[in-house]
Structure formats: C-alpha cells, structure tokens
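Taking it in order: structure first as structure tokens, then the write-up.
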Amino acid sequence: MADVPKIHEQELEYVGFWARVLASLADTILLLIVSAPLLWLLAGREAASAGGLPDLAELSGAGSLAECLVNYLLPAVAIILFWIYKSATPGKMMLGARVVDADTGAPLKPGQAALRYLGYFVATIPFGLGLLWVGIDARKQGWHDKLARTVVVRRKPRPAAFPHAAKPATAAPARAGPSSAQPRRRPAHPTGTTPAPG
Numbered sequence: 134m135a136d137v138p139k140i141h142e143q144e145l146e147y148v149g150f151w152a153r154v155l156a157s158l159a160d161t162i163l164l165l166i167v168s169a170p171l172l173w174l175l176a177g178r179e180a181a182s183a184g185g186l187p188d189l190a191e192l193s194g195a196g197s198l199a200e201c202l203v204n205y206l207l208p209a210v211a212i213i214l215f216w217i218y219k220s221a222t223p224g225k226m227m228l229g230a231r232v233v234d235a236d237t238g239a240p241l242k243p244g245q246a247a248l249r250y251l252g253y254f255v256a257t258i259p260f261g262l263g264l265l266w267v268g269i270d271a272r273k274q275g276w277h278d279k280l281a282r283t284v285v286v287r288r289k290p291r292p293a294a295f296p297h298a299a300k301p302a303t304a305a306p307a308r309a310g311p312s313s314a315q316p317r318r319r320p321a322h323p324t325g326t327t328p329a330p331g
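Quick note: the numbering used here has the sequence shown finishing at residue 331, numbered continuously throughout.
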C-alpha cells in the first residue's frame, strides 16, 4: 500500500469542485501525452497497411482492440494504481490533495479504488450531476466518492512565519515608584547643606 504519512483531521480540509476540475484537467493532459503517441503508432500501422497517413478520425477512434486498451484500460489502470499507491493522481498531487477512506482517512484498498473509478460512470450519466454534487456537498463528495466511501482532502494552508522578521516594539512596563513625569530632586549634601555649584 501507499506509504502516506498520517495527518490529524484538524489539519485537513475537503477539496472543492474547481480545484478538482483543475486536477482532472492536468490528469487528462498527462494521459493524452502518454496515449497520443501510442494511438498514433497504432493508427499509423493500420494506415500504412492501407497506403495512407493516419488522420484525426483514426486517432480518436476505438476501432481495434489495441486502441480500446489504450483509450480505456490504460487510463483506468493508471488512475486506480495511483489512488492505491500514491493516494492521488498526478493532478491531485500538484494540489497537495489525497483520496482517502471517508471513515478512517487511510489509503484506498484496491476494491475501493476500482469501485470509485466505476462510480465515475454512474456520476456522469445524469448530465454530470454526480460530479457537480461536489460543489454542494458538505464533505465535497461526488456520487463516486459516496459510492466508494472516499473523500478528497489536503492540508489546510498554514500562516506564513518569518523567523528573522523584526519583532513589533512593545511598551516598557511601568516602574513602581515616583512618576517619571516629575523632575528628580538632587540628593542633599551629607552635611545637610546644598553644595555650591562648582
């Protein structure tokens, strides 16, 4: 399982809708960077045997078994493995977010990660309502999170500390005794007379 340090609940906050959208976009771009060359090679091999170059329709199509594996199985396996071993996909890691068990805060078990992934399909069927649910839920859970009993959390931001910054000046404590507003008297001469200025 993942070697993820334990964090106290008071130090965590739930990750909201827009941060999760940003993480998903980053993950999508990374998946495209990995899968596009593979699809190009697959489509190129088929196009070369047909005597032409691959076009965009061929690249995005899921015609062969190999293309299905690259388009569907590769992303599913990669995402599930990231959830199990790192508690986050690369996009969530960029945000400092983690996907954890909603009851214990522990990393996901393999079955829980697979159920969460399948939950995405359930969440998107009714016009993406299950994904939008993150924006209104108290624990920021989408339907896929509720189904798999997961939450997405990150450390709360800490206030900045500057150890070498100048400390603000404080007023000196008041001294007991005569007020400093009164002029000081000169002590009397030991003979009882005031000495002559000299």
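By construction, the Cβ of each residue, glycine as well, lies at the ideal position given by its N, Cα and C atoms.
query	result
Are the Cβ atoms of T283 and A221 separated by less than 7 Å?	no
Sorted by chain position, which residues of the same chain lie with C-beta nearer than 8 Å to M226's C-beta, five sequence neighbours on each side aside?	K219
At a cut of 8 Å, does the segment 233–251 reach the segment 271–285 through at least three beta carbon pairs?	yes
Which complete beta strand (DSSP E) runs does the segment 216–295 hold, if anything under 3 residues is left out?	230–234 and 283–288
Please report the residue range of the beta strand (DSSP E) in which L145 lies.	L145 to Y147
Which stretch, first to last residue, makes up the alpha helix (DSSP H) that contains A199?	L198 to C201
Does the segment 269–279 come close enough to the segment 198–211 that 3 or more CB-CB pairs lie under 8 Å?	no
Can you tell me whether A176 is helix, strand or coil according to DSSP?	helix
Could you tell me the alpha carbon to alpha carbon distance between V255 and P292, rounded to whole angstroms?	39 Å
Using three-state DSSP, classify A298 as helix, strand or coil.	coil
Is A230 closer than 7 Å to R287 when the C-beta atoms are compared?	yes
With a CB to CB cut of under 7 Å and the five nearest residues on each side skipped, what residues in its chain are close to V154?	none
Using the rule of at least 16 other Cβ atoms within 10 Å of the residue's Cβ for burial, across every protein chain shown, is L175 buried or exposed?	buried
So, are the CB atoms of D160 and G224 less than 7 Å apart?	yes
Can you give me the C-alpha to C-alpha distance between G252 and G261, rounded to a whole angstrom?	12 Å
Please determine, among L145, G149 and Y250, the residue with the shortest C-alpha to C-alpha distance to L265.	G149
Please state if the CB of I217 and the CB of A199 are separated by a distance shorter than 7 Å.	no
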